[in-house]
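Report on one structure; see the data block that follows.
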Amino acid sequence: MRVNNDEPANWPQGVARHVLDRVDSTNAEAFRLAPSLSGPAWIMAHRQEAGRGRRGRAWTDPPGNFAATLALRPDGGPADAARLSFVAALSVHDALRDLCGPSLNVALKWPNDVLLNGGKLSGILLESSGAAGQVATLAIGIGINLAAAPDPAQVEPTATRPVSLLGETGLEVTPEDVLNALACQFDAWHRQMRTFGFAPIRNAWMARAAKLGETIVARTGTTETTGRFDGIDDTGALILTGPRGRHAIPAADIYFSGS
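Start counting the sequence shown at 1; every next residue gets the next number (my numbering).
Structure below.
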């Protein structure tokens, strides 16, 4: 059930806005709506009952938290679409600073998490449809723990501790406020990438990155690489420098010291 699709005054031009009472998954709803969309569209739900994170992991979504997906037809191929995860992370970071003030201690964790006071506040999931080598529709799903965080006992023992905005700061922010700020930020950063390429996005992301220049661990399956986090390359791959030299890692789970 749609509860409010009225666009605020500063809503990005040409972007649709769908606010739902409840849905199974905002990403799933994005793909259901995709055939009827004439341009980008944000789909937000007050209750998401079958949310999911990376690699099929469950994403809990209690009332008051933020769950939304941006559906769009991206330019270029799968690699270009994948780099929009960095646009999304920047947008979440800056939208929260807009709403809560510049002193909010948020940082970005590769590849697609947003941290608050060192704990996981937000996750981003990209899914796509289309023939091999093409992206017909991209769904950028974003979850933010505004009001509540999962019980640490429900997440993997080695995972970054989950936190909520309310629990860490005492600030109450509504999902609608986040949606409006996030849509504006994404529109601005996406325009930058379309105009100037990935370089300004890469630089801005690294300026907000957690643990840049510090030793971290990247795990892919049974492979573990430890090294100094030297940023991301022009494909978005993680750059680690260790005893055996410099490594570009396209996909991995990242662990900080003590996590």
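Ideal Cβ placement from N, Cα and C applies to all residues, glycine included.
Cα-Cα separation between residue i and residue j, rounded to whole angstroms
{"i": "I43", "j": "V87", "result": "18 Å"}
{"i": "G221", "j": "I124", "result": "21 Å"}
{"i": "G101", "j": "V178", "result": "13 Å"}
{"i": "W110", "j": "A207", "result": "13 Å"}
{"i": "M1", "j": "E29", "result": "Only weak support exists for where M1 lies, its pLDDT of 46 falling under 50; the coordinates are left without a value."}
{"i": "R55", "j": "P8", "result": "With a pLDDT of 49 at R55, under the threshold of 50, the modelled position of this residue cannot be trusted, and the question is left open."}
{"i": "D282", "j": "D234", "result": "Since the displayed the chain opens at 1 and closes at 259, residue 282 lies outside it and no answer follows."}
{"i": "L37", "j": "R47", "result": "23 Å"}
{"i": "R191", "j": "S122", "result": "23 Å"}
{"i": "D94", "j": "E176", "result": "16 Å"}
{"i": "D80", "j": "I249", "result": "17 Å"}
{"i": "D24", "j": "E224", "result": "35 Å"}
{"i": "I142", "j": "T69", "result": "6 Å"}
{"i": "N105", "j": "E168", "result": "10 Å"}
{"i": "A136", "j": "S129", "result": "6 Å"}
{"i": "G242", "j": "W189", "result": "32 Å"}
{"i": "R194", "j": "N117", "result": "32 Å"}
{"i": "I232", "j": "N65", "result": "30 Å"}
{"i": "A82", "j": "F198", "result": "11 Å"}
Min CB distance residue i to chain B below 7 Å
{"i": "G213", "result": "The displayed structure is made up of one protein chain only, and chain B is not part of it."}
Contact belief for residue i with residue j at Cβ below 8 Å, rounded distance in angstroms
{"i": "L146", "j": "L115", "result": "About 15 Å separates the two Cβ atoms, so there is no contact after all."}
{"i": "G119", "j": "T160", "result": "6 Å"}
{"i": "V92", "j": "I140", "result": "The pair is not a contact, with the Cβ atoms about 10 Å apart (cut-off 8 Å)."}
{"i": "A153", "j": "V163", "result": "With 8 Å as the limit, A153 and V163 do not qualify as a contact, their Cβ atoms being about 15 Å apart."}
Residue from the options whose Cα sits closest to the Cα of residue i
{"i": "A210", "options": "A45, A71 and N112", "result": "N112"}
{"i": "R32", "options": "L96, N105, A153 and L72", "result": "L72"}
{"i": "L138", "options": "Q192, E156, A50 and N27", "result": "N27"}
{"i": "E156", "options": "D21, V23, D253 and L20", "result": "D253"}
{"i": "G133", "options": "P78, I239 and V173", "result": "P78"}
{"i": "L84", "options": "L212, Y255, T241 and P200", "result": "P200"}
{"i": "L182", "options": "A16, P63, L96 and V19", "result": "L96"}
{"i": "N180", "options": "P243, V163 and D98", "result": "D98"}
{"i": "Y255", "options": "H18, A218 and A131", "result": "A218"}
{"i": "L108", "options": "R17, W205, A50 and P35", "result": "W205"}
Assigned exposure category for residue i - 16 Cβ within 10 Å defines buried
{"i": "D75", "result": "exposed"}
{"i": "G245", "result": "exposed"}
{"i": "P13", "result": "The sequence shown places Gln at residue 13, not Pro. Exposed, by the Cβ-count rule."}
{"i": "F196", "result": "exposed"}
{"i": "A67", "result": "buried"}
{"i": "G236", "result": "buried"}
{"i": "T226", "result": "exposed"}
{"i": "C184", "result": "buried"}
{"i": "D21", "result": "exposed"}
{"i": "D151", "result": "exposed"}
Please go through the segment 194-229 and give each complete alpha helix (DSSP H) segment of 4 or more residues, from N-terminal end onward. 199-207
Starting from the N-terminal side, write out each stretch of the beta strand (DSSP E) that is 3 residues or longer and does not extend beyond the segment 84-139. 106-109, 113-116 and 119-129
Length-filtered (4 minimum) alpha helix (DSSP H) runs lying within the segment 165-199: 165-169 and 175-196
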